[in-house]
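A.B. asks: Encoded as structure tokens, here's the structure I'll be asking about.
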Amino acid sequence: MSQSDPADVFRVEAQELLDQIEQSLLDLENRPGDADLVAQVFRAMHTLKGSGAMFGFEALAAFAHTCESAFDRVRKGEVRATPELVSAVLGTLDHLRALVQGEEDGTGTALLAAVDAAMTGAGGVGCAKSSSEARWTIRFRLSRDSLVNGTRPLPLLDELRELGICEVTALTDEIPPLDSVNPTECYLGWEINLLTSQPKSAIEEVFLFVSDEAALTIEPHSEKIENEKTEKATTATPAEKATETKSGPSGAIRVPAERLDELMNRVGELVIAQSRLKQISATLSDANLHSVAEEIERLASELRDSMMSVRMVPISQLFGRFRRLVHDLARETGKTIDFETSGETTELDKTVIERLADPLIHLIRNAADHGLETPEVRRASGKNETGRVMLSARQAGAEVIISVSDDGRGIDLSRVRAKAEKNGLITAGATLSDSETLQLIFQPGFSTTEQVTNLSGRGVGMDVVKRTIEGLRGTVDISSKPGQGSEVDLRIPLTLAIIDGLLVRVGQGRFVIPLSSVEECVELTTEQDLRSKGRSFLTLRDQLVPFIRLRELFASRSGPDQYQKIVVVSTGTDRVGLVVDQILGDHQTVIKPLSRFHAGIETFSGATILGDGGVALILDIPHLVAAGQQEEERLRAAI
Amino acid sequence: MSAILIVDDSASIRQTVKISLSGLGHVVTEAKDGSEGLSKAKTARFDLVITDLNMPVMDGLSMIKAMRTLPTYAGVPIVFLTTESDAGIKSQAKSAGATGWITKPFDAEQLCRIATKVLAK
Numbered sequence: 001m002s003q004s005d006p007a008d009v010f011r012v013e014a015q016e017l018l019d020q021i022e023q024s025l026l027d028l029e030n031r032p033g034d035a036d037l038v039a040q041v042f043r044a045m046h047t048l049k050g051s052g053a054m055f056g057f058e059a060l061a062a063f064a065h066t067c068e069s070a071f072d073r074v075r076k077g078e079v080r081a082t083p084e085l086v087s088a089v090l091g092t093l094d095h096l097r098a099l100v101q102g103e104e105d106g107t108g109t110a111l112l113a114a115v116d117a118a119m120t121g122a123g124g125v126g127c128a129k130s131s132s133e134a135r136w137t138i139r140f141r142l143s144r145d146s147l148v149n150g151t152r153p154l155p156l157l158d159e160l161r162e163l164g165i166c167e168v169t170a171l172t173d174e175i176p177p178l179d180s181v182n183p184t185e186c187y188l189g190w191e192i193n194l195l196t197s198q199p200k201s202a203i204e205e206v207f208l209f210v211s212d213e214a215a216l217t218i219e220p221h222s223e224k225i226e227n228e229k230t231e232k233a234t235t236a237t238p239a240e241k242a243t244e245t246k247s248g249p250s251g252a253i254r255v256p257a258e259r260l261d262e263l264m265n266r267v268g269e270l271v272i273a274q275s276r277l278k279q280i281s282a283t284l285s286d287a288n289l290h291s292v293a294e295e296i297e298r299l300a301s302e303l304r305d306s307m308m309s310v311r312m313v314p315i316s317q318l319f320g321r322f323r324r325l326v327h328d329l330a331r332e333t334g335k336t337i338d339f340e341t342s343g344e345t346t347e348l349d350k351t352v353i354e355r356l357a358d359p360l361i362h363l364i365r366n367a368a369d370h371g372l373e374t375p376e377v378r379r380a381s382g383k384n385e386t387g388r389v390m391l392s393a394r395q396a397g398a399e400v401i402i403s404v405s406d407d408g409r410g411i412d413l414s415r416v417r418a419k420a421e422k423n424g425l426i427t428a429g430a431t432l433s434d435s436e437t438l439q440l441i442f443q444p445g446f447s448t449t450e451q452v453t454n455l456s457g458r459g460v461g462m463d464v465v466k467r468t469i470e471g472l473r474g475t476v477d478i479s480s481k482p483g484q485g486s487e488v489d490l491r492i493p494l495t496l497a498i499i500d501g502l503l504v505r506v507g508q509g510r511f512v513i514p515l516s517s518v519e520e521c522v523e524l525t526t527e528q529d530l531r532s533k534g535r536s537f538l539t540l541r542d543q544l545v546p547f548i549r550l551r552e553l554f555a556s557r558s559g560p561d562q563y564q565k566i567v568v569v570s571t572g573t574d575r576v577g578l579v580v581d582q583i584l585g586d587h588q589t590v591i592k593p594l595s596r597f598h599a600g601i602e603t604f605s606g607a608t609i610l611g612d613g614g615v616a617l618i619l620d621i622p623h624l625v626a627a628g629q630q631e632e633e634r635l636r637a638a639i
Numbered sequence: 001m002s003a004i005l006i007v008d009d010s011a012s013i014r015q016t017v018k019i020s021l022s023g024l025g026h027v028v029t030e031a032k033d034g035s036e037g038l039s040k041a042k043t044a045r046f047d048l049v050i051t052d053l054n055m056p057v058m059d060g061l062s063m064i065k066a067m068r069t070l071p072t073y074a075g076v077p078i079v080f081l082t083t084e085s086d087a088g089i090k091s092q093a094k095s096a097g098a099t100g101w102i103t104k105p106f107d108a109e110q111l112c113r114i115a116t117k118v119l120a121k
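So the protein sequences, as listed, match chains A and B. Residue numbering for the first sequence follows UniProt numbering, beginning at 1 and increasing consecutively. Residue numbering for the second sequence follows UniProt numbering, beginning at 1 and increasing consecutively.
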């Protein structure tokens, strides 16, 4: 593995810091008095400035410095964190992000002016004026017997903290080896960096009783000391620094996503090689080979599971971004919006999470822009003026269900219909059920708003949402109640690369059914087969389940097996049976995408390589279930 | 609430200390010289000892030294009462094991502030 460039590490770190600042700022908007949040913003800005300067991002460092000093004044209580100030600082974040990427768009000065203006309005007097605060560097050591004599250092430090903002460093250099430590003696010294508006005498007062015995110095904090420290820090080799920044307190390691993808690919190949080994060993009666093959199978499957868990990240990192989005939307539309999220800890494959961002942005925009009414309309219809947009995630089996809902006006079916007729998607007067009408929204080029606003209509429609989700082998459900709001549910498989599959044979071909959607396997008796001729229904525990004969679907020429099986698959609510000739067993399936030429084939979602080198196609269950349900509806209508 | 021992041969000083510190909720025990102070300190545990220096029978410095030899008085703050004119006495008292001092004359507020400071947990 190559050594990462510290500057790259910094970029990642800076993004995280900026995200953190953003979250804190947004929280601050709701809780303007929260000193912890102010301190968080300040600290993150401070870190950004420090590391930025170290890695040569001078423009960034200078900019962050100004933001930091601005927030420092909020921290000291000189300036209030008004919504205007928070917005102004939020505005600078995008600029900082650009600077992290090394882009300078020249808006910096204007942004800082905005921060300054917001601060003046918030009770401040601009950035330029300095306060009477001073920084002091205090060093003290107590005499060895001071603990016995009743002097306690902690209350001293507490007193200093009451004077202002303290950074306390313990000087541990005089601690002797453990066997010569006398627990009643005081070996520690302290260095305190104190920012206070109190005079020096107040600091001296703290050390009233210890000033003569303690080695005490109280000096104005000088930049020189600061510089020395920075120099000391920069003498560390880049490798050391990289390790430092990479390993957080939890011992986590930051790895570029591409390396994980690479590793995942290797694991995929290993799984394929393993199933070849298994197949070969099955044909040979060598006990040693059998045991090795089994061992490798176990290892490969464990490796696959750990690999998968490495790629899982909590969805919270995606959710975080949307708070900013909703904040901006609320400002642009003049609506007040409550944004609620739940299930942030739900984990999903990293690649999946990244691809979900755009569809979710679109859905949230839709909810806030189209879904929610203006405060006036809401009040008139007896609703709370503040609209709600909810984003939730939860795991259900091998899927994660993400839903975006709002308590707005809901989708106007008649408008959808009228629009579809106008666009020629349906013929006038066609009978459509409500759910079918809703499905029209997913048609390409469909939009219910006549006017393309700044917020929506940026070329991403519901059709793109649907396509993206289906690209992730997921499904989209939409439901709406007039006047009460609408909800869009996205069901996404947990991971993309490797799935557990059920290998089946239909005619001469072999196919894979994702195991997560398999409910049960039953035998199709000859009797049932004959009885169901032309009806394709199966009675399963008093429920009618439509089934699809894959032989017919794939136009198999050979005759059917005597004992055909039905694999019952489901997509949550709907079930359908798939008639196959033989069930071969379970198979770890490494999904390989179909070529672009074949991408339009809806029945299959991909392909996989089998142990003997053959190829099996992976069935697209949502599509097959939908086809089965349509068939059922058609037959019901015919009856 | 802390247990405080005031050792002074002047009843009025003891009175002043007692009234001021009782006001903070502390329980103040009196002793009229170092000897009495030491024997009271041996029978009860105090959180803070305030002592005069010049007293009959046993002076403050001797009492502080003796107290510091008691294992139960390691770490207990001992504050001595001194006048501005006692040049050099501070360092003597401190090397005897005193924690701090209060300069006479003192007012109640000053006393309370110092008691709170050395009693801080």
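Beta carbons: idealized from backbone N, C-alpha and C, even for Gly. Quantities reported herein were computed from a predicted structural model and do not represent experimental measurements.
Could you tell me which uninterrupted beta strand (DSSP E) segments, each at least 3 residues in length, are contained entirely in the region 480-529 of chain A, listed from first to last along the chain?
C.D. replies: Entirely contained in the region 480-529 of chain A, the beta strand (DSSP E) runs reaching 3 residues are, in chain order, 485-493, 498-506, 509-514 and 518-524.
A.B. asks: Taking 8 Å as the threshold (beta carbon to beta carbon), is Thr-374/A in contact with chain B?
C.D. replies: False, the Cβ-Cβ gap to chain B never drops below 8 Å.
A.B. asks: With a 10 Å radius around its C-beta and 16 neighbouring C-beta atoms as the bar for buried, classify Gln-630/A as buried or exposed.
C.D. replies: Gln-630/A is exposed by the Cβ-count criterion.
A.B. asks: Using only alpha-carbon positions, find the residue among Val-506/A, Gly-628/A, Ala-430/A and Asp-500/A that is nearest to Leu-538/A.
C.D. replies: Per the Cα distances, Gly-628/A.
A.B. asks: Within 10 angstroms of the Cβ of Thr-72/B, are there 16 or more other Cβ atoms? Answer buried if so, exposed if not.
C.D. replies: That one is exposed.
A.B. asks: Are the beta-carbon atoms belonging to Asp-489/A and Ser-605/A less than 8 Å from one another?
C.D. replies: Not closer than 8 Å, so no.
A.B. asks: Check the C-beta distance from Val-465/A over to Leu-363/A and give it rounded, since I have them as a contact under 8 Å.
C.D. replies: Val-465/A to Leu-363/A, Cβ: 7 Å. Contact.
A.B. asks: Is the shortest distance between the beta-carbon of Leu-160/A and the beta-carbons of chain B less than 8 Å?
C.D. replies: So, not an interface residue.
A.B. asks: Just confirm the distance between the C-beta atoms of Glu-399/A and Pro-493/A, as a whole number of angstroms; I'd bet it's less than 8 Å.
C.D. replies: At roughly 6 Å, the Cβ-Cβ gap stays under 8 Å, so Glu-399/A and Pro-493/A are in contact.
A.B. asks: For the beta strand (DSSP E) containing Asn-193/A, name the first residue and the last one.
C.D. replies: Unbroken beta strand (DSSP E) run through Asn-193/A: 189-196.
A.B. asks: Based on the DSSP output, what are the partners of Gln-395/A in its beta bridges?
C.D. replies: For Gln-395/A, which the question treats as bridged, DSSP gives the partners Val-400/A.
A.B. asks: Tell me which residues share the same chain as Leu-342/A and place their Cβ nearer than 7 Å to its Cβ, disregarding the 5 neighbours each side in the sequence.
C.D. replies: In the sequence on display, residue 342/A carries Ser and not Leu. Correct list, in chain order: Ser-392.
A.B. asks: In three-state terms, what does DSSP make of Ile-621/A?
C.D. replies: In the structure shown, Ile-621/A sits in a helix (DSSP, three-state: H, G or I).
A.B. asks: Measure from the alpha carbon of Gly-474/A to the alpha carbon of each residue in Val-271/A, Ser-306/A and Ser-517/A, then state which is nearest.
C.D. replies: Cα-wise, what sits closest to Gly-474/A is Ser-517/A.
A.B. asks: Determine the extent of the beta strand (DSSP E) in which Cys-166/A is found, giving its start and end residues.
C.D. replies: First-last of the beta strand (DSSP E) with Cys-166/A: 164-171.
A.B. asks: Mind checking whether Glu-421/A and Ala-428/A have CB atoms under 8 Å apart?
C.D. replies: Yes. Within cutoff.
A.B. asks: For Pro-77/B, count neighbouring C-beta atoms within 10 Å of its own C-beta (all shown protein chains included) and say buried if the count is 16 or more, exposed if not.
C.D. replies: By the 10 Å Cβ count, Pro-77/B comes out buried.
A.B. asks: Looking only at its own chain, which residues have a Cβ that is under 6 Å from the Cβ of Ser-480/A, when we skip the five neighbours before and after it?
C.D. replies: Closer than 6 Å at Cβ, skipping near neighbours: Gly-410, Ile-411 and Ser-486.
A.B. asks: Taking only runs of the alpha helix (DSSP H) that begin and end inside the region 331-415 of chain A, which ones reach a length of at least 4 residues, in chain order?
C.D. replies: DSSP runs (the alpha helix (DSSP H)) wholly in the region 331-415 of chain A: 350-366 and 375-380.
A.B. asks: Hey, is Pro-71/B's beta-carbon within less than 8 Å of any beta-carbon in chain A?
C.D. replies: Output row for Pro-71/B: interface = no.
A.B. asks: Return helix, strand or coil for Gln-629/A, following the three-state DSSP convention.
C.D. replies: If DSSP states are grouped into helix, strand and coil, Gln-629/A belongs with the helices.
A.B. asks: Please confirm whether Met-307/A and Leu-348/A have their CB atoms less than 8 Å apart.
C.D. replies: No, the pair does not count as a contact, with Cβ atoms beyond the cut-off.
A.B. asks: Taking only beta-carbon atoms, is Thr-99/B less than 8 Å away from chain A?
C.D. replies: It does; some Cβ of chain A falls within 8 Å.
A.B. asks: Report the neighbours of Pro-155/A on chain B: residues whose CB is nearer than 9 Å to its CB, in chain order.
C.D. replies: Lys-117, Val-118, Leu-119, Ala-120 and Lys-121, listed in chain order.
A.B. asks: Is the region 49-68 of chain B in contact with the region 170-179 of chain A, if contact means three or more CB pairs nearer than 8 Å?
C.D. replies: Result no; under three Cβ-Cβ pairs closer than 8 Å.
A.B. asks: Tell me the DSSP secondary structure of Arg-135/A in three-state form.
C.D. replies: It is a strand residue.
A.B. asks: Return the CA-CA distance between Ala-300/A and Glu-344/A, expressed in angstroms with no decimal places.
C.D. replies: If you take the alpha carbons of Ala-300/A and Glu-344/A, they lie about 31 Å apart.
A.B. asks: Against Val-148/A, what residues of chain B qualify as contacts under a CB-to-CB distance less than 8 Å, listed in chain order?
C.D. replies: What Val-148/A touches in chain B: Arg-68, Ala-74, Gly-75 and Gly-97.
A.B. asks: Candidates Ser-35/B, Gly-23/B, Ser-20/B and Lys-40/B: which alpha carbon is nearest Thr-29/B's?
C.D. replies: Residue Lys-40/B is the option with its Cα nearest to Thr-29/B.
A.B. asks: Chain A partners of Ile-50/B, CB-CB under 7 Å?
C.D. replies: Under the 7 Å cutoff, chain A gives no residues; its nearest Cβ is about 12 Å from Ile-50/B.
A.B. asks: Provide the residue span of the beta strand (DSSP E) that contains Met-312/A, from first to last.
C.D. replies: Here the beta strand (DSSP E) through Met-312/A covers 312-314.
A.B. asks: From which residue to which residue does the alpha helix (DSSP H) around Gly-42/B run?
C.D. replies: Note that residue 42/B is Lys in the sequence shown, not Gly. Run containing Lys-42/B: 34-43, per the alpha helix (DSSP H) assignment.
A.B. asks: Which of helix, strand or coil does DSSP assign to Cys-127/A?
C.D. replies: In this prediction, Cys-127/A has a pLDDT of 38, which is less than 50 and means its spatial position is unreliable; nothing more can be read from the coordinates.
A.B. asks: Does DSSP classify Thr-475/A as helix, strand or coil?
C.D. replies: The answer is strand: DSSP assigns Thr-475/A an E or B state.
A.B. asks: Starting from the Cα of Val-41/A, find the closest Cα among Glu-162/A, Ser-69/A, Gly-52/A and Glu-58/A and give me that residue.
C.D. replies: The option with the nearest alpha carbon to Val-41/A is Ser-69/A.
A.B. asks: Check whether chain B comes within 8 Å of Thr-336/A, counting only Cβ atoms and requiring the distance to be less than that.
C.D. replies: Not closer than 8 Å to any Cβ of chain B, the Cβ of Thr-336/A fails to qualify, so no.
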